[in-house]
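Let me begin by presenting the structure, written as structure tokens, before commenting on it.
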Amino acid sequence: MKKVCSIVSLLFILLPALVFAGGAKETSAVAPEKQMTHDELVAAAKAEGNLTIYTISSRTAKIGAAFEAKYGIKTSTTQLKDSEMVEKTSKEAAANLDAADIIFCQDGARVYPELILAGYVKNYVPSSQASLIAEKYQDPLVWEVCNKVFIYNNEKEGQTLTNVWQLTDPSWKGRVQMKDSFQEGINMNFFTMLTRDDWAKKLSDAYKDLYGKDLVLTTKNAGYEWIKMLYKNGLVLGKSDTTIAENIGAKGQPQQLVGLFTANKLRTAKDKNLSLAPSQNVKPFSGFFYPVYAFITSNAKSPNAAKLFLEFSMTSEGWAPFDTIGDYSPKADLKNSEDTISFDEWTKMLVFEDPQWCAENRAEVEEFISSII
Amino acid sequence: MIKEIMHVLYRMKSFLRKPYNIILCFMLLFLGYLTLVPMVTMIFDTFTVHPAEAMRLKRPVGSFTAMHWVKVLFDPSSLSVFYKPLLNSLITSLGACLIALVLGGVFAWLVTRTNIRWKKTLSSFFIFPYIMPSWTLALAWYNVFKNSVVGGVPGTFTALTGLQTPNWFAYGAFPIALVTGIHYSPFAYIMIGGILRNMDANLEEAAMMLNTNRNRIMRKITIPMVLPAILSTFLLVFSSAMSSFAVPAFLGLPVRYQVLTTQLYRTLNGLNPGQGYCMAMIMILLGVSILAFNQRLTGTRKNYTTVTGKSSNISFINLKKMRTVISILMFLLIFFVSILPLFSFALESVLLLPGNYSAGNLTLQFWIGSAEQNSIANSEPGLLLNPALWKALFNSLKLSAICAITAGSLGFLCGYAIVRGRGTKLAVVVDNLAFFPYLMPSMAFGAIYLSMFSTRHGVLPSLYGSFFLLALIGTVKYMPFASRSGINSMLQLSNQIEEAGEILGVGWWKRMIRLIVPIQKTSFISGYLLPFISCMRELSLFVLLVTPANRVLTTLLFYYNEKGWSQYSNGINLMIVLIVLLINGVVNKATGASIDKGIGG
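So the protein sequences, as listed, match chains E and F.
Heads up, the first sequence is in the working numbering, so the first residue is 1 and it goes up one at a time.
Heads up, the second sequence is in the working numbering, so the first residue is 1001 and it goes up one at a time.
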């Protein structure tokens, strides 16, 4: 007992000291930054030499290649899973290693506390681009938005889903698929958003709309209730959106299946002989939008090259590899030329991730889902 | 006073004069640092607030909390978060153990003790499932037996027969235990076969001459002799099955069958890492208790050192009429678990659209196509044209070779020193330390090494991102294979052989190089092969520590698999198996050692 006490007290003595030490470092790191002109930035970036990029998308490497061709700065791109990204970036930044200079990451619930609040990344909006981005996407900078939509098999019939509560109905039992939300944080963030008052309200209204009566709650609110009923109705969990798309879209299946997965998969549907179409205007949401954030790391050894790269990636030249269905820029001038539905239209139909809300409440939702699974 | 000091000094001198004591002391320091420090770190991790949890708990990062343990053990949700997965883990691991022991044990007995046909061929094919990453077997099971629950193109079995497989057969406990069991049965075969092969057959022959019947010989002699091997196999397979993640993740998900590792992965990846560390601790405790149990059982009766040289004249049991039947049955079994998956990997890697087996759908574009041709798979160039693949292949080979040599040599020395110093406290401690990494769940082990070595640590500089760190963790993690094999084979080697050299005044180095190593050559080299294979197919241990410069084949494989580009992942899988087979073949030709020749001696 004595030992335990001494260990505990030691912890209490040591840990605040550590925390404060961290805090002190943060404040000293903030140095007044003077604005550089574009030419100065290019010169400074070239002087730094190499640029290391961590990203969640393989296509970022294409931007890297175009950047290299234009500025002659060598880039090396590493693709990481969302959780690996947070893990790696934070540890490398804490040890001030020569690692990533710029990161493109997702999963606000982890990025917000573990990278932003911890001071391991800096928010940077290129001044030449700022006027083209709505303010709500500027801090933290939303570099890209991706959508996961209820996509259905349209081989035999059109969109039959008009209200998300249908998915909890016995007639839909076992016909709905999505990626295990514990494998990809953004899916869990989507569930977490539904438990916020505004979405819970919309969900309970939609229930009344469909059944003409009030929802009887067995959980905290309509958000939790929908999640519970969805899982209880035989939601099929998958490992990857690609396989789910193949499962949903395969031809010759007896009944229509629906999956909540990335609209990216619509792009290759035809080549893969899949019948897939996105649901639209489902009440109260047709899926969700998740942001990809771009940051410059606190341990960046080529901060200027990182700034230049970020700026380049937000011009139409750099953005080109992402001009596809399922990828949208919040910048007004970068319209999606492949998708008939615009970014603004999708925004009205989809649930948008709020990193702070997710960071504060996701653990509870995770536990909730663990307990009903 | 002076007399006392002299006495102590004298004792120290005589202690250090024995080389095995020096080895034990070195191992104590080496392993103590590399296994106990992570362990203590992990214990602290179960009591602290992590960055991911700080927002929710509204407490500073690093402050003390007992919440993780409470949530895991005493919360209303504990039942589904922890206890049910624990039960499922125990069920599937026990099932896997039984399957592995029965399959491997029976096969080992058939090969070493009977006149079954095609021994050599059967023996080398039997180890295939162990070479493949276990989850690829799960993938093969899934492709063949999946039913309409997951939708999509029907599984091969349904496509051929028109029958729907029941859920319990396609997903959940049954296939998890079966696939894991099949994966580890070569391991059981290697361990048990090694003992059977080297066991002095004179004992059996003596009994035979005294007219004892076969059953009695089996019960009274053969089984007791191999019992220690069976128990260590049980221990190893059980702990591996408990900490295997990918198989249950694959086959459990469609019916939401949770085991401890899938829960561990969820919590470590999610916002409750503290709970994950608690679960990892519990898994380690379970492993330690099995280890202790195993030692109690075998420790009391370990004096089976009946081997003085090598016995040569094992008389084979004549299977008579059953010979051909049993041989064919074995061949069929091996065909299904070893050869068919390889065919399926090869086939899946040349399908343009997965699930469509018509001739028009066959293509080599995923092997030799250019990036432009492969727009269907996000413009990845074909495997053989992909520089990333070649780099990863080179890294994998380099890493596996280094890990194998260091783990194999250190493990062998460890085995030697532990057996020579048997009975001393030091030997017991080192024995346990050397085995300990085996019980650490790979994923948690990797996570801890990441935080341990990302900063400067005493005399050690920051190792993060270096190839050395990968080699270090691989060495520590795979030493148990080599040290077990070393202990097992040294136990069978009579002390007299070395003593004879000692009396003649032969130095330690010479004794090792001229006596011990040559006698134990096969098991010594086999002790390299096992870490090599394990390293070639390891994923979760390295996944957090790999940087772009040292990416390995399995991380690439997993990446393709996660993306759902089955052609690439099947192709890489095929490559891994073929490379390991090739290397095993070369080593076998050159030295006579082989994975299937056993690590038991």
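Glycine included, each C-beta is placed from N, C-alpha and C at the ideal position.
- Straight across, the Cα-Cα distance linking G108 of chain E with S83 of chain E is about 11 Å.
- DSSP lists E:V236 and E:G259 as the bridge partner or partners of Q177 of chain E.
- For F322 of chain E, no alpha helix (DSSP H) segment is defined, and its DSSP state is neither H nor E.
- Inter-residue distance for M1281 of chain F and F1445 of chain F is about 11 Å (C-alpha atoms, whole angstroms).
- By the neighbour-count criterion, in which a residue is buried when 16 or more other Cβ atoms sit within 10 angstroms of its Cβ, G1155 of chain F is buried.
- By the Cβ neighbour-count rule, V1102 of chain F is exposed, with fewer than 16 other Cβ atoms within 10 Å of its own.
- Of E:L132, E:V142, E:S128 and E:N247, the smallest CA-CA separation from Y152 of chain E is found for E:N247.
- The alpha carbon of I1190 of chain F has as its nearest neighbour, out of F:L1574, F:L1286 and F:G1105, the alpha carbon of F:G1105.
- Annotation for T75 of chain E: no alpha helix (DSSP H) segment contains it, though the beta strand (DSSP E) segment containing it runs K74 to Q79.
- Excluding residues up to 5 positions away in sequence, I1217, I1221 and T1222 lie with their Cβ nearer than 7 Å to the Cβ of E1204 of chain F in the same chain.
- Counting the other Cβ atoms within 10 Å of the Cβ of M1440 of chain F gives 16 or more, which makes it buried.
- The Cβ of S1396 of chain F sits no closer than 7 Å to any Cβ of chain E.
- Sixteen is the threshold: since fewer than 16 other Cβ atoms of the shown chains lie within 10 Å of the Cβ of R1514 of chain F, the residue is exposed.
- When C-beta distances to chain F are compared with 7 Å, the residues of the stretch 104–120 of chain E below that value are A109, R110, P113, E114 and A118, in chain order.
- Look at L257 of chain E: its C-beta is under 7 Å from a C-beta on chain F.
- One Cα belongs to S302 of chain E, the other to L97 of chain E, and the distance between them is close to 12 Å.
- Each of F:W1141, F:P1531, F:R1214 and F:V1144 was checked against the Cα of R1113 of chain F, and the nearest Cα belongs to F:R1214.
- Of the candidates E:L167, E:A306, E:Y231 and E:Q159, E:A306 places its Cα closest to the Cα of E48 of chain E.
- In the DSSP assignment, N1272 of chain F falls outside any beta strand (DSSP E) and carries neither an H nor an E.
- In the DSSP assignment, K1220 of chain F falls outside any alpha helix (DSSP H) and carries neither an H nor an E.
- Interface flag for E1562 of chain F against chain E is set, since a Cβ pair is found closer than 7 Å.
- Taken through DSSP and simplified to helix, strand or coil, K1058 of chain F comes out as coil.
- If you look at K148 of chain E, you'll find it in the beta strand (DSSP E) that goes V142 to Y152.
- Burial of A1177 of chain F is indicated by the presence of at least 16 other C-beta atoms within 10 angstroms of its C-beta.
- Within the stretch 1487–1550 of chain F, the complete alpha helix (DSSP H) runs of at least 4 residues fall at 1495–1503 and 1521–1536.
- The count of Cβ pairs closer than 8 Å, one atom from the stretch 1256–1276 of chain F and one from the stretch 1070–1081 of chain F, reaches three, so the stretches are in contact.
- Residues of chain F with a Cβ closer than 8 Å to the Cβ of L97 of chain E are, in chain order, S1454, S1462, Y1464 and G1465.
- Assigned with DSSP and collapsed to three states, Q138 of chain E falls in strand.
- One thing to note: V1247 of chain F has its Cβ within 7 Å of the Cβ of A1138 of chain F.
- By alpha-carbon distance to N1570 of chain F, the top candidate from F:P1341, F:A1388 and F:P1224 is F:P1341.
- Taking the Cα of Q1295 of chain F as reference, the smallest distance to any Cα among F:G1423, F:Y1033, F:L1034 and F:A1549 is reached at F:G1423.
- If you look at Y290 of chain E, you'll find it in the beta strand (DSSP E) that goes G287 to T297.
- Taking C-alpha positions only, P355 of chain E is separated from V111 of chain E by approximately 8 Å.
- Taking 7 Å as the cut-off between beta carbons, the residues of the stretch 1048–1080 of chain F near chain E are P1051, A1052, E1053, A1054, M1055, R1056, P1060, V1061, G1062, S1063, F1064, S1077 and S1080, in sequence order.
- One alpha carbon belongs to W1390 of chain F, the other to D241 of chain E, and they sit about 27 Å apart.
- The beta-carbon separation of F1250 of chain F and T1261 of chain F, rounded to 12 Å, does not stay under the 8 Å limit for a contact.
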